[in-house]
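Here is the structure we will look at, set down as structure tokens.
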Amino acid sequence: MTDVPEPVRKCANLLKGTKSDTEKFAALFMVTKLVKGKDCNAAGKKLLFEAIGFPFLKKLLVSKDLPNDCPPLVYKSVALSILTCFCQEEELATHKDIIDAIPTLLEIVEQADDEDYEDNLIVVSEAYSCLKSIASHEPGQQALLATGAIPKMSQIYSAQSFQTDEALHLIVLLVKQFGVLSWPEDPTAFHALIQRIALDMETDDTERKYELCRILADILITCRREIVINSLEGQIWPESLFKGCGDILKAKIGPKQRDPALHLIATTLQVLGIQWAFMDEQKTFFLQLLQLGAIEVRMQMDEKKLETTFKQADLLTCCFSILEYCIEYMATDQLDLEPKEKQTTYTALKGAFNQILAVLTRVSQDKIKDSANPRDKKFVFAIVKVLSAWLAQETTAMRPAIYKLLPFMLKVANESFQELKAWRAGPREGEPPIDVLRIMLPALCHFAVEEEARRVLFTHKQDEVLLESLEFYFSIAHWKRPPIPRAERLKRMNEPDPVPTPEQQAEMKVARSAIVALCNILMNFTVLEPKKAEDGATFANLLKFVVENLPELKDTPDNLVIHGNLAVLGLLLLKQQSKKVKQNDFSICRYIQATIRFLWDAYNIDESNDPTALVVSIAYKGYWSDLSELWFLGMQTMCGVLPLVPWLSEFALESGWAEGIVKTLKKVKIGTLPPNVKSAYEDFLSQLVDVNGDVQAVLKKADALRVCRNHRMMDLGKKLFGD
């Protein structure tokens, strides 16, 4: 204790010797002076804290039973003044007694508008100071979260009470720490807070407008997105944000104002989606946004040192995010642009992406590419991600430069994929890493049909990574109930089957779209690299994966498109690897049954208003734009597989499919069968007749003669009945 100043030690001894609360309270005025003095160190404060005893300080804060000669607010003020000084030391700010006082401190700031406090607002200020110090340390943050400090502070700010900025800064500090966990299931407090800040931001014309942009971005990004989106009805804050940001886009502003505005816009798009940019049903905001994002990218990446560009990583990542949303929306063809607008937009985007490509090329040749700094790594991921989004739509530009850069882009994408895999396998702390490879898949679909790009992909063994990615995303899309420990199975036998959580359902949706893109790439590989598909180990493993997993896939509407993709991919692989297929291989048998189910169920007459019209079945109708080409390719490939693996024809017979086609077509009105559907069925039935001697009798018995006559199936007629 030698390092405790003498006056502090004397005061501590005096406090310990007091016989009554009145004596102790009188001594506190000396403590107030001492703790604020520059000589009182951490050890001194701890000694005084122990000498006073926290129960006495708490009594001053909450008790009504105090000496009459002094107003209760004075006691509170003295106690808080001392506590504020104590809380500046981490050991005391994280002390159990002070943590336990959080509800009391929150109560004081919640009552800031009460008449009691009008003459002594210093009490509220001191309470905020204590809370701020407590919130600077992990135990205090956890306790504030547990006591519902964030919704309470949100309420205080929404009501525009005294010293609300203090409440706002506390909210920002806590939400940055806890992210989505900051908010309760009930979104009322969140909506009220965002509405208040958005309104302030919209109507403020001072520099504070841009400070509020930054605060809004920090808070918005932490929201429970699903809950917020589903409770937006009647909320006007999206409109306030739209108007406030629209004013900024029209104003002449410098980097100090532009940066927070771009952060807020990128975050709002992430939460509300691109439709937010069309709130006034005009395209002006959207086009201004796209131009601003593209210009900012060019300015920040133009011929600067890489270190300078990397310092702007946060701002550039926001611009990338804005450009990605704009490009994705333009790809839907919903945007009606005049020729001049088209030209301006394309020029802006091309300029930005030429610059992005140039910077990424320099990164690939610089030591910064191996940086272990997570921020640098994240930024490189973001550059590859935005370039991939552009390449998914722009299928011809910059090819020679892209082919050179492709190995580096693949390296980055594969690394990010492995990080996501590791995160899912581990304790899953923090936000999931972004899978750049998944974002790159639509661009890889184009590369898969380009010879030069394909050569690069195979040289770098990308086919192996794509198979690994397919297995990974299938495990997410094909959700299974968690295993029940053996000891609990009996008592949980009558429990209803669990369903995936909203978060898991969102993951499954993403996984399904990744599987479709992966199947497209792998189908192109199989068709365009037949030798590799026939002999390559990866393609053998790919066929094994498809035949083993397709039959396991749940028969749900959500899974229909991936069912079709996997079925047709399997047929293409089967065609190439037919020499290796063993007769009556059980897994192939089950796979063919699942594939027949997909092809058979696409068309029927039972669900038509007209009993003589062949229609796409109701289950397929909503997905037909994704399934139509796939179905025709599946029928065509099945025709190619049958001569190579003739024993598969047994399944077409045993399942009743061949007979079912004839019986259905018999009911279809003459002249109404679409020519492409007629060809698909005729080619398939003809091929069946060629490879299996039993087919002829089955088709004749089902009245194939009438079908051949009605629908002018000449080739099939010749095979069945001669000339």
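If you read the sequence shown in the working numbering, its first letter stands for residue 1445, the second for the next number, and so on. For every residue, glycine included, the Cβ atom is placed at its ideal position computed from N, Cα and C.
Inclusion of leucine 1864 and proline 1876 in the CB contact set at 8 Å is warranted, their separation being smaller than that value. One Cα belongs to leucine 1849, the other to glutamine 1906, and the distance between them is close to 15 Å. Inside the stretch 2054-2105, DSSP marks whole alpha helix (DSSP H) runs of 4 or more residues at positions 2062-2065, 2068-2085 and 2093-2098, from first to last along the chain. By the neighbour-count criterion, in which a residue is buried when 16 or more other Cβ atoms sit within 10 angstroms of its Cβ, aspartate 1644 is buried.
Its chain contains Pro1631 and His1635 as the residues whose beta carbon lies nearer than 8 Å to that of serine 1675, once the 5 sequence neighbours on both sides are disregarded; these appear in chain order.
For tyrosine 2047, DSSP records a beta bridge to Val2060.
Following the DSSP letters along the chain, one finds asparagine 1968 inside the alpha helix (DSSP H) bounded by residues 1946-1972. The stretch 1530-1550 and the stretch 1574-1586 touch, with three or more beta-carbon pairs separated by less than 8 Å. Closest option to arginine 1702, judged by alpha-carbon separation, among Ala1721, Ile1718, Glu1740 and Asn1817: Glu1740. Counting only residues of its own chain and dropping the five nearest sequence neighbours on each side, leucine 1549 has a CB closer than 7 Å to the CB of Ala1571, Cys1574 and Leu1575. Note that the stretch 2125-2143 does not touch the stretch 2062-2077; fewer than 3 beta-carbon pairs, one per stretch, sit closer than 8 Å. Distance from leucine 2016 to threonine 2039 at the Cβ level is roughly 11 Å; contact not present, criterion being Cβ atoms closer than 8 Å. With a 10 Å radius around the Cβ and a threshold of 16 neighbouring Cβ atoms, glutamate 1467 comes out exposed. The alpha helix (DSSP H) runs lying completely inside the stretch 1870-1950 and spanning 4 residues or more are 1880-1891, 1895-1903 and 1906-1921, given in chain order. Taking C-beta atoms under 8 Å as the contact rule, valine 1479 and leucine 1492 qualify, at a distance of about 7 Å. Within the stretch 1476-1552, the alpha helix (DSSP H) runs of at least 4 residues that lie entirely inside it are, in chain order, 1486-1496, 1498-1506, 1516-1530, 1534-1537 and 1540-1544.
Taken atom to atom, the span from the alpha-carbon of glutamine 1726 to that of tryptophan 1720 is near 11 Å. The distance from the Cβ of isoleucine 1928 to that of valine 1991 is about 29 Å, inconsistent with a contact at the 8 Å cut-off. A distance of 8 Å or more separates the beta carbons of glutamate 1951 and glutamine 2021.
Annotation: the continuous alpha helix (DSSP H) that includes isoleucine 1600 extends over 1593-1602.
8 Å or more divides the Cβ of valine 2139 from the Cβ of leucine 2071.
Looking at the backbone, the Cα of lysine 2111 and that of threonine 2056 are separated by about 6 Å. Between leucine 1910 and isoleucine 1965, the gap from beta carbon to beta carbon is short of 8 Å. For asparagine 1674, the enclosing alpha helix (DSSP H) stretches over residues 1669-1674.
Going by beta carbons, leucine 1660 and alanine 1642 fall inside the 8 Å limit.
With a contact defined as Cβ atoms closer than 8 Å, leucine 1972 and arginine 1899 miss out at about 11 Å. Straight across, the Cα-Cα distance linking serine 1464 with glutamine 1585 is about 35 Å.
Around isoleucine 1638, the same chain offers Trp1681 as residues with beta carbons nearer than 6 Å, after the five sequence neighbours per side are excluded. The beta carbon of glutamine 1799 is closer than 7 Å to those of Val1741, Arg1742, Met1745 and Asp1746 in its chain, skipping five residues each way along the sequence.
Within the model, the alpha-carbon separation for glutamate 1582 versus glutamine 1621 is close to 9 Å. Contact annotation: arginine 1933 and aspartate 2002 have beta-carbon atoms that are not nearer than 8 Å. Glutamate 2098 counts as exposed, since fewer than 16 other beta carbons sit within 10 angstroms of its beta carbon. Judged by DSSP in its simplified three-state form, asparagine 2120 adopts helix.
With 16 or more other CB atoms across the displayed protein chains lying within 10 angstroms of its CB, serine 1832 is buried. For glutamine 2027, there is no enclosing alpha helix (DSSP H), since its DSSP letter is neither H nor E.
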